[in-house]
Amino acid sequence: MTLILEAAVLGVLTGGVYALMASGLTLIFGVMRIINVGHGALVILGAYLSFVLWRNMGVDPFVSLIVTMPVMFILGVILQIVFVRPLKTDREALSVLVTYALALGIEGLLGYFFTSNYVQITAWYDTASFPVGDFHITYVYVYGFLLCLAILGAIFLMLYRTTFGAAIRATMLNRTAAQLVGIDVDRVSAVTFGIGMATAAAGGVVFGITNAFNPGSHYDLISRLLTIIVLGGLGSLRGAVIAALVMLVIQDITAVVISPVWAAFVFFVVLVAVLLFRPQGLFGITVRDRV
Amino acid sequence: MKRATNTRVLTAGGLVLLVGLALALPAIAPDSATTNIAVFTMMYVGLATAWNIMGGYTGYISLGHAGFFGFGSYALGLLLARLAIAGGYTVFLFVPVAGLLTALLAAAVGWFALRTRAATFVIVTIAFMFMLQLLAENLTSLTGGGAGLGFPNPRWRGDFYNIPFYYAMLALALLALVVSWSIRRSKFGLGLLAIRDDEDKALAVGVPAGAFKLTAFIVSAALVGMIGGVYGYYVTYIYPQFVVDPLIGISMVLMVFLGGLGTVWGPVLGALILEPAQLWLAYNYGASRLYLVLYSAVFLLVILLMPQGILPSLGELIARRRARLAGTVGAAP
Amino acid sequence: MRRALIATVAGAGLALTACGAGTATATPTPGAPITIGVSVSLTGDFSSDGPALEKGYDLWAEDVNKKGGLLGHQVTMKYVDDTSSTQQVVTNYQNLISSEKVALVFGPYSSLLTKPAATVVDRLGYAFPEPAGGAPSVFALGLHSLFFVQPAAIEDNLVSYTNWVLSLPADQRPKTVAYATEDDPFTQPQIDKAKKLLEAAGIQTVSYKVYPAETTDFTPLALKVASSHADAVILGTQVPDAIAFVKTFISQHYNPKTIIETAGPDQGSQYSDKLGANTEGIMVPAGWTSGSQAYGNPTFVAEYIAKYGGTAADMSADSAEAYSVGQVVEQAATKANSIDNQKLIDTLHTGTYQTVQGPMGWDSVGKPQGGVGVFVEQWQNGSAVFVYPPSVAAAQPEYPKHDWQ
């Protein structure tokens, strides 16, 4: 029983990190209707950036976010303008190919500079833990969760309390109509992509502390992230967060109770089950011609 | 009238030349290095053509086709193991069975997946692919899990080994082309294209969209499954992560886009260009680790400069030139 | 339609010109330099081991050239990336042999890739000495041209360890053991064999979990093992999970009396710089350790450090395994007085060969025999040393393991 509880707690804490990474992904979809399959690679890129700052200058990984998040944001804006904006027709299909190509390119560059050796960011809080009842919770998970709450909170605030946030929401709802009322959808798109990248940087830091990673680590990440955003409803931020928490808890409990072998499988089974009854995901909107 | 006959003669002649070349290849270049590239290239010609039947004609982009490829591979391998078939030519007779089994799987997957549209469909196909990969990895008593599944060894020697496989892949590629071409010319194909343009309108005019989409999906998957079977037999050992491999899935998509989505010959051209290029790049540049960067650069250039694909872009270029020529002869603007 | 056809014919022509035609191979003329081809995993799943293999091969090539070459032929190594994929490894060996006509080939990384590569190399008539494919399924291929250059078949890697556990006095011996392993042809057979041996001796299994090699988050698995409170922990891991498990044990304040991991702790700095002082007491099966006195090893270690820097503790066993491949080929070539592949195959099947991993020989399907097996290595004070069996031990085994820091 303790084990299940422990797994559930772990699921919630790691779910927060996945929620952060997935939030960027779903926002990008909502605004630009593109599936960024390179998101996993961007998380890894963020992890490497923090790794470099930590290894060469001794900067604490969470502190390094002050640098990596803005850098990734700007990089995101540039990538969007150069590679995504030119796509005029067949957006969804081509965007998958473009973002996949970007992911490969990033993997190649990272491999060139860092080789394929596994690296990991270490800090005192990746093994230090505090006891809760019968088990221990490692500090890094708590810090990561708090980080996610902070960033997600900031994003929610921006979306619902600022004019720019309203512009984003309008673009997500109906791009053409948004243009008609004078919103610069191109700018909105670029900034949203930048925000997505910045959240990837944050997710990357926690990922980089809790996992050994190398340039090839992005494949496993992206399959989970995509599943999460579909489950939550493409474009729904709330959905992504809840889906991430639910999925990680179910996965972690399955891993300890039944078998780790089926834990990953359960991920997709839940997706299939939900989509059978709600093809638009938990919080997705059923728009006439798009799901 | 004369021009039409000329066109038909040229087209027929071109076809004969192409198929002739393909048939004669092992005689022209019999060394195993070349025939190996030929086997993989022909494999992708078939894969791209098959994928195009679904993705190109209906507009439903499946990124999970690697799942069917892997399933076909495992289906054939398990069949051979259960029936204790020894290596040799008889193995090829079982390939259609693998195709049939894949078709059944596609029917089930398709029934579910096609309830969704557009982006959700894409991600659902990805999810199914990973589910198949996980099943292959975890049903160890059936598939061998991470240790892989072995195929019987035909014990052909030296350079000869690749040749039967080349012809098997060629046969499947030709089958895919014939199927693709006949669909394109049929009412069924018309219905598919209508679905691609506007599904709701197509439904409104009476196109049985559900049935049509499912059929295209099944046909496409069955072909891919058969090719997967021959692939497994060729490389002699298959593993879940290498045969249900997202890279295979995305490669066939890229080839179709490069050549021209929805055209009959576009996928062929895309495969003929990309597969030898990919193998060559990996061989020569992998060691310097820049292989991935180069590949991704090629990828991006293709997509950004020629989003329609080569054939339609060429077509447009020629049409524009013709229009310009006609314009200079005709009335002034 | 016509346009499409023309373009496709052109494309076919392009594809053809990209390849070359070739003829049968020929034996190199005396004194001429030769190329040895190897497919290494420089990108993809196995890419963290590829570079270590390269270093070992390069060092051997340098050494043999200094001595006048392989039977008088100066050696150049040619590496190609197999992107850790079946398709590419099959292509690579066909290119190397049929197109580039290298004189010899060495094997790639992992049993996974060795199996398809071995059938290719075998049908093209080349010898296939390989450093990293030792799973039972590799030998099940029944190939006469294959040689697994390690002291023992992978499956038996943990036998030394189980021997040690059972050699402990009954009151000190661990009573319970927890197992966790990747479902990988390298790790799982070892764990299963160890489990069989220990269960037969009455040591109770309190947990046994097999997990997919593709797992990214090992924490729930490690929690399960930690919560079992087993005296002994036996893990079938590669580098990333080896590290992840230990980190969770540390944070959960779970210190088993003994812990052994099938791979990870033998990879030198890739492992130790993530765990620092907490490598203390962790064991790993190893045929090679930087301190061993086996044939040519002290020289090998010294040269490696001179060429690549770092310390002996930073070296990965993969490099020693690659170097051994070169050594056996060198000795076989001298014995047969030829570098013809068929002659090498015949020669390698007889007698014993000396390598930095100790002596070894092979049976008719390439399985190692006559070697002294794989030993138990343990991290003590920042470096890994043999601790069992006593005949090779450089230090006493530390048991029970010191607590985490």
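Chains as they are written, first to last, in the numbering used here: chain A, 100 to 390; chain B, 16 to 348; chain C, 15 to 419. We put the beta carbon where it would ideally sit given N, CA and C, even for glycine. Note that the structure is predicted; figures quoted are calculated from it, not measured.
Point to revise | Sequence-distant residues of its chain with Cβ nearer than 8 Å to Val-342 of chain C (five each side left out) | key: Contacts found: Pro-143, Phe-161, Val-163, Leu-362, Tyr-367, Thr-369, Met-374.
Check your understanding: For Gly-74 of chain B, which residues from the same chain have a beta carbon less than 6 Å from its beta carbon, with the 5 sequence-adjacent residues on both sides left out?
Key -> Within the same chain, Gly-74 of chain B has close Cβ partners Arg-211.
Check your understanding: Which residue from C:Ile-168, C:Pro-145, C:Ala-146, C:Val-135 puts its Cα closest to that of Leu-157 of chain C?
Key -> Answer by Cα proximity: C:Val-135.
Point to revise | Cβ distance (whole Å) where His-317 of chain A is taken to contact Glu-206 of chain A below 8 Å | key: The C-beta separation of His-317 of chain A from Glu-206 of chain A comes to about 7 Å, placing the pair in contact by the 8 Å criterion.
Review point. Would you say Glu-213 of chain C faces chain B, with C-beta separation under 8 Å as the test?
Key: It does not; no Cβ of chain B falls within 8 Å.
**Study point:** Cross-chain neighbours of Ile-138 of chain B in chain A, by beta carbon under 9 Å
**Key:** Within chain A, the residues Ile-134, Leu-325, Thr-326, Ile-328, Val-329, Leu-333, Leu-370 have their CB atoms less than 9 Å from the CB of Ile-138 of chain B, given in chain order.
Practice item. Could you name the residues of chain C that Ala-363 of chain A contacts, counting a contact when the two beta carbons are closer than 8 Å? Key: Within chain C, the residues near Ala-363 of chain A are Pro-226, Glu-228, Thr-229.
**Study point:** Euclidean distance between Cα positions of Tyr-240 of chain A and Leu-112 of chain A
**Key:** One Cα belongs to Tyr-240 of chain A, the other to Leu-112 of chain A, and the distance between them is close to 6 Å.
Check your understanding: For the putative contact between Ile-254 of chain A and Leu-336 of chain A, defined by C-beta atoms under 8 Å, what is the C-beta separation to the nearest angstrom?
Key -> Taking a contact as a CB-CB distance under 8 Å, the pair Ile-254 of chain A and Leu-336 of chain A counts as one, their CB atoms being some 7 Å apart.
Check your understanding: If you run the structure through DSSP and keep just helix, strand and coil, what is Tyr-367 of chain C?
Key -> Here Tyr-367 of chain C sits in strand by DSSP.
Check your understanding: How many angstroms separate the CA atom of Ile-165 of chain A from the CA atom of Tyr-211 of chain A?
Key -> Here the C-alpha atom of Ile-165 of chain A lies approximately 26 Å from the C-alpha atom of Tyr-211 of chain A.
Point to revise | Nearest-angstrom Cα separation, counted from Ser-201 of chain B out to Asp-95 of chain C | key: Our two residues, Asp-95 of chain C and Ser-201 of chain B, have alpha carbons roughly 45 Å apart in a direct line.
Review point. Hey, is Gly-36 of chain C's beta-carbon within less than 8 Å of any beta-carbon in chain B?
Key: Note that Gly-36 of chain C scores 36 on pLDDT, short of 50, meaning its location in the model is unreliable and no value can be drawn from it.
Point to revise | Contact list for the region 91–111 of chain C against chain B, Cβ threshold 8 Å | key: Taking 8 Å as the upper bound on Cβ-Cβ separation, chain B lies near residues Tyr-93, Val-94, Asp-95, Asp-96, Thr-97, Ser-99, Thr-100, Gln-101, Gln-102, Val-104, Thr-105, Asn-106, Gln-108, Asn-109, Ile-111 of the region 91–111 of chain C.
Review point. Which same chain residues, not among the five before or five after Asp-159 of chain A, have their C-beta less than 8 Å away from its C-beta?
Key: Excluding residues within five positions, the ones whose Cβ falls inside 8 Å are Trp-153, Ala-222.
Point to revise | Identity of the residue in B:Asp-213, B:Gly-35, B:Leu-294 nearest Leu-185 of chain B by Cα | key: Minimum Cα distance to Leu-185 of chain B is reached at B:Gly-35.
Check your understanding: Can you name the start and end residues of the beta strand (DSSP E) that Trp-376 of chain C belongs to?
Key -> Where Trp-376 of chain C is concerned, the enclosing beta strand (DSSP E) stretches over 372–376.
Check your understanding: For the region 237–259 of chain B, which residues have a beta carbon sitting closer than 9 Å to at least one beta carbon of chain C?
Key -> Residues of the region 237–259 of chain B with a Cβ closer than 9 Å to any Cβ of chain C, in chain order: Tyr-246, Tyr-249, Val-250, Thr-251, Tyr-252, Ile-253, Tyr-254, Pro-255, Gln-256, Phe-257, Val-258.
**Study point:** 8 Å Cβ cutoff, Pro-378 of chain A in contact with chain B
**Key:** Under the Cβ distance rule, Pro-378 of chain A counts among the residues neighbouring chain B, one pair being separated by less than 8 Å.
Practice item. Assign Trp-74 of chain C to one of two classes, buried (16 or more other C-beta atoms within 10 Å of its C-beta) or exposed (fewer than that). Key: The residue is buried, with at least 16 neighbouring Cβ atoms inside 10 Å.
Exercise for review: Return helix, strand or coil for Leu-262 of chain B, following the three-state DSSP convention.
Suggested key: Under the three-state reduction of DSSP output, Leu-262 of chain B falls in the helix class.
Review point. At a Cβ threshold of 8 Å, is Thr-270 of chain A touching chain C?
Key: No, no contact with chain C.
Exercise for review: Under 7 Å Cβ to Cβ from Ile-233 of chain B, same chain only, skipping five residues before and after it: list those, please.
Suggested key: Annotation for Ile-233 of chain B: Ala-118, Ala-121, Ala-122, Gly-125 place their beta carbon closer than 7 Å to its own, counting only its chain and skipping 5 residues before and after.
Check your understanding: Residue ranges of each alpha helix (DSSP H) run of no fewer than 4 residues wholly in the region 182–251 of chain A, ordered along the chain?
Key -> Listed in chain order, the alpha helix (DSSP H) elements of length 4 or more contained wholly in the region 182–251 of chain A are 190–213.
**Study point:** Ile-143 of chain A, enclosing alpha helix (DSSP H) - first and last residue
**Key:** Taken as a continuous stretch (DSSP letters only), the alpha helix (DSSP H) holding Ile-143 of chain A covers 138–156.
Review point. How long is the line joining the alpha carbons of Ala-334 of chain B and Leu-187 of chain B, rounded to whole angstroms?
Key: Taking the straight line joining both Cα atoms gives about 33 Å.
Exercise for review: My understanding is that Tyr-46 of chain A touches Asn-313 of chain A, with C-beta atoms under 8 Å, so please give their C-beta distance in whole angstroms.
Suggested key: Here chain A covers residues 100 to 390 and nothing more, so residue 46 of chain A does not appear.
Practice item. Could you say which of B:Lys-228, B:Leu-287, B:Met-270, B:Ala-341 lies nearest to Met-321 of chain B if we only look at CA atoms? Key: Nearest of B:Lys-228, B:Leu-287, B:Met-270, B:Ala-341 to Met-321 of chain B, Cα basis: B:Met-270.
Exercise for review: Quick one: measure Cβ to Cβ for Lys-209 of chain C and Tyr-193 of chain C, integer angstroms, because I've assumed they're closer than 8 Å.
Suggested key: Yes, they are in contact, since the Cβ atoms of Lys-209 of chain C and Tyr-193 of chain C sit about 6 Å apart, within 8 Å.
Point to revise | Below-8 Å beta-carbon distance, Leu-235 of chain C vs any chain B residue | key: Taking Cβ atoms only, chain B never reaches closer than 8 Å to Leu-235 of chain C, which makes this a no.
**Study point:** For Leu-164 of chain B, the three-state DSSP class (helix, strand or coil)
**Key:** Note: Leu-164 of chain B maps to strand in three-state DSSP.
Review point. What in chain B is Cβ-close to Tyr-318 of chain A, meaning under 8 Å?
Key: Those are Pro-261, listed as they occur along chain B.
Check your understanding: Is there a Cβ from chain C that is less than 8 Å from the Cβ of Leu-294 of chain B?
Key -> Look at Leu-294 of chain B: its C-beta is under 8 Å from a C-beta on chain C.
Point to revise | Cut-off 7 Å between Cβ atoms - residues of its own chain near Thr-90 of chain C, not counting five sequence neighbours on either side | key: Once the five neighbours on either side are set aside, the close Cβ partners of Thr-90 of chain C are Pro-47, Thr-49.
Practice item. Would you please verify whether the beta carbon of Leu-336 of chain A is less than 8 Å from any beta carbon of chain B? Key: Not one beta carbon of chain B lies nearer than 8 Å to the beta carbon of Leu-336 of chain A.
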